Structures are given as structure tokens and as C-alpha cells.
Amino acid sequence: MLKILFYDTKSYDQDSFERKNKAYPKIQIDYMKSELNPSTARLAKGYDAVCAFVNCDVGTKTIEVLHELGIGLILLRCAGFNNVDIEKAKEYKMKVMRVPGYSPEAVAEHAMALALVANRRIHKAYVRVRENDFSLGGMLGVNFYEKTAGIIGTGKIGAAMARLCYGFGMKVIAYDMYPNPELDFVKYESLDEVLKQSDLLSLHCPLTEDTYHLINRETIKQMKDGVILVNTSRGGLVKTDDLIEGIRARKFFAVGLDVYEEEKRNVYEDRSDDIMESSVTARLLSFPNVVITSHQGFFTEEALSAISEVTLENATAYKQGKVTGNEVE
Ligand code: NAI
Numbered sequence: 076m077l078k079i080l081f082y083d084t085k086s087y088d089q090d091s092f093e094r095k096n097k098a099y100p101k102i103q104i105d106y107m108k109s110e111l112n113p114s115t116a117r118l119a120k121g122y123d124a125v126c127a128f129v130n131c132d133v134g135t136k137t138i139e140v141l142h143e144l145g146i147g148l149i150l151l152r153c154a155g156f157n158n159v160d161i162e163k164a165k166e167y168k169m170k171v172m173r174v175p176g177y178s179p180e181a182v183a184e185h186a187m188a189l190a191l192v193a194n195r196r197i198h199k200a201y202v203r204v205r206e207n208d209f210s211l212g213g214m215l216g217v218n219f220y221e222k223t224a225g226i227i228g229t230g231k232i233g234a235a236m237a238r239l240c241y242g243f244g245m246k247v248i249a250y251d252m253y254p255n256p257e258l259d260f261v262k263y264e265s266l267d268e269v270l271k272q273s274d275l276l277s278l279h280c281p282l283t284e285d286t287y288h289l290i291n292r293e294t295i296k297q298m299k300d301g302v303i304l305v306n307t308s309r310g311g312l313v314k315t316d317d318l319i320e321g322i323r324a325r326k327f328f329a330v331g332l333d334v335y336e337e338e339k340r341n342v343y344e345d346r347s348d349d350i351m352e353s354s355v356t357a358r359l360l361s362f363p364n365v366v367i368t369s370h371q372g373f374f375t376e377e378a379l380s381a382i383s384e385v386t387l388e389n390a391t392a393y394k395q396g397k398v399t400g401n402e403v404e
């Protein structure tokens, strides 16, 4: 029996995993609401593995505690792994496994939804019409048809977004160090050119030392006036203060963010009774052309089902000493 302690579990995670776990009688899962961090890591005593999600702290200290407890496997039920100290895990011969590409379309479709909602001010229209206000002032949008979409990072999600943009009749350009040969309708350009030419700019590269604050005062200056920016990748890609400065300077026609710096305390929590400690999110929300969602790009039935399936396959492969390609090294 492989015993796994799940951290940061919501009812929808548990429902999805319970459905799949029936087919894996040799895996026992216990679910906890707490996030994984150096203090809660101690609760994994007696388990073989832990399972964490995007906002868990799987840094050096957490890994040290898990190692002391004899945990050999960290299962990430997500694609990104910027919250894990991979070197430390390697040093302790601890395996880290993730779920790459569980449903690239789920995230890409959300990116397109954000672009459309922010562009056509659907968020405002929804509230207005509910109040019997059928006026159109402040809601003028732009066509996507025949405009230029710039995709930064054309891996699985970026490629899916490129296909959607192409379907909208857009010219699609992209920047990636490794051009995707399947995207024969995409013209690869330098980052500078993508920034300069795009009417819709969508971020799909991972958060690394190189991409941290990729969108900053300087790169914003390079963009077209009236650009629409969408970030469904990681908050750290965008330097929020510079973004706010750009929004105030009327640089952006619209901005759609599924991820943002300082999201950590908010994401997946109902904080409607709290007085918020961060003014950054509140400032972003004060702009009429900004739409924010709560890191929900992944949140479709298909994606949840694939996440559960692959996570359980990862656990099984670990137990059998098999390599799947989902190891993070
Ligand atoms: P992927 O690994 O398939 O593709 C990433 C692409 O980015 C690769 O082609 C890589 O060459 C490129 N890249 C790396 N560094 C770059 C740079 N400096 N400039 C331009 N391109 C660069 O990853 P996938 O599955 O497409 O996911 C992308 C990101 O989406 C993940 O890293 C994760 O942060 C985010 N994500 C967000 C979700 C959400 O719910 N909002 C859900 C899943 C992933």
C-alpha cells in the first residue's frame, strides 16, 4: 500500500480523486485542507508520499522536514513546479512528479475568455444589465479579426492559444527559444518584435529566473499602444507595479489576469469578510479595463479528471520503480 497525504484539498479535488482512486486499490489517500509548508509538512509522518498544489510552499525547509520523515515522493497535481526546490529534492533522492499538459485547451480557452471579457467589457455589461441599465457607454471594444496575436511560449498551452487565435482570423506571431514545428501558421519573431507588433499578447512561458518580471516598465514601453495583455501563466512574469503604471498611462486597451503577484493568500479562498492586506490587487481591480480570475485556467471537468488519473499513474509508477517522463529533474 502506498500512503499519500494530500495537502490544500478542496471538495472538488477530493470528489475527482475519489472517483479515480477506486481503480487503484493499492493507493490510500488522506485529504487535508491545510497547505503544505514547513510546519504542516510534519503531519506527513507515517506516509510514503505527499501531494501538493500550485500555491503550496515546497521550498528548502519543507523538503528538509519531508526528508526527515522519510517521504520519498512529492506528487504535484499541477504542471508548474516553480514552488519546489528541485535541487534540494534531488540531493535527498526524493522524486518529484507532476502532471504536464493535463488539458492545455482548458487554460488556453480561459486565456481567450479573459481576452474577450476584458476587451468587450462583459464584466461591466453583466453587472449593468442586472441593474436594468442597458446603456453602452464605456463598453466599446475592438475586433480580434485580422489583428495580431503574440504568444510568448508556444509549448502545450501556448500552442492551443495560438490555434484559438488563428481560428478567430488573427495573424499569429510568437516568441519561444524552441519553435513548435506543428504550428505552421505561426511566424516566430524575436521577443522585441512580438512585443512591438502584437495587438493581443498572451503569456504562456513558465516562471523561471529568466522570465521573472518579463513584463516590466521597459518591455511595456516596447508594446503597441492599446495592446490587450493576458496572463494565465504565473503572476511573477509581470511586475505588477509597472503594469499598474502602464494601465494608468492608458497603454493597455484591456488586461486579463488569471494569475498575479500576491495571489497566494487569496487563491481558492473565500475572503469576502476580510479587509485585504494587499493594495496591489485592489488597485488592479479598480480599473474598468482589467479582469481578474482566481487561478482557474485549469478548472474544467476534463482537466480535473486528467489530473487525478495522471497523479495516480505517477504514484503507481513510483511504487513500481518505473520512469514515466513526468519526473521533474
Ligand atoms: P510547456 O512546458 O509545454 O511550454 C512552455 C514553453 O515556454 C516551452 O515551449 C518553452 O520553450 C517556453 N519558454 C521557456 N522559457 C521561455 C522564455 N524565456 N521565453 C519564451 N518562451 C519560453 O508548458 P505549458 O503546459 O504550456 O504551461 C505553460 C505555463 O502555464 C506553466 O509553466 C504554468 O506556469 C502555466 N499554467 C497555468 C495554469 C492555470 O491554471 N492558469 C494551469 C497550467 C499551467
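Under our numbering, the first residue of the sequence shown carries the number 76, and numbering increases by one thereafter. The C-beta atom is built at its ideal place from N, Cα and C for all residues, glycine as well. On a predicted model such as this, the values are computed, not experimentally measured, just so you know.
query, result
"Through-space distance from I146 to F362, alpha-carbon basis", "46 Å"
"Cross-strand partners of Q103 (DSSP beta bridge)", "K78"
"Residue span of the alpha helix (DSSP H) that contains N157, given as start and end", "Run containing N157: none; DSSP gives neither H nor E here."
"Contact check, I227 vs L151, beta carbons under 7 Å", "no"
"L278 - containing beta strand (DSSP E), residue span", "275 to 278"
"Any non-hydrogen atom of the ligand NAI within 6 Å of T286 CB", "yes"
"Buried versus exposed call for M252 [16 or more other C-beta atoms within 10 Å across all chains shown]", "exposed"
"Cross-strand partners of C126 (DSSP beta bridge)", "F81, L150"
"Three-state class that DSSP yields for E402 in the structure shown", "strand"
"Sequence-distant residues of the same chain with beta carbon closer than 8 Å to A190, five excluded per side", "F219, L275, S277, I303, V305, A329, G331"
"Three-state secondary structure (DSSP) of F209", "coil"
"Closer than 6 Å: P281 CB and nearest the ligand NAI heavy atom", "yes"
"Of the listed residues I197, I149, D160, nearest to L80 (C-alpha basis)", "I149"
"Check whether V261 and A224 have beta carbons under 7 Å apart", "no"
"N306 in three-state terms, based on DSSP", "strand"
"Identity of the residue in F209, L289, K271, A188 nearest C240 by Cα", "A188"
"F260: CB within 6 Å of a non-hydrogen atom of the ligand NAI", "no"
"Burial state of L215, where buried means 16 or more other Cβ atoms lie within 10 Å", "exposed"
"For V171, the three-state DSSP class (helix, strand or coil)", "strand"
"Local conformation of S269 per DSSP, three classes", "A quick correction: the sequence has Val, not Ser, at residue 269. In this structure, V269 counts as helix in the three-state DSSP scheme."
"Pairwise C-alpha distance: R94 and D316", "43 Å"
"Ranges of the beta strand (DSSP E) found wholly within the stretch 312 to 382, counting only runs of at least 3", "327 to 332, 365 to 367"
"Contact set for A164: own chain, Cβ-Cβ below 7 Å, skip 5 residues either direction", "I138, I149, V171"
"Sub-7 Å separation of V247 and G372 beta-carbons", "no"
"Pair within 7 Å by beta-carbon distance, V313 and I295", "no"
"Rounded separation between L379 and Y343 - CA only", "15 Å"
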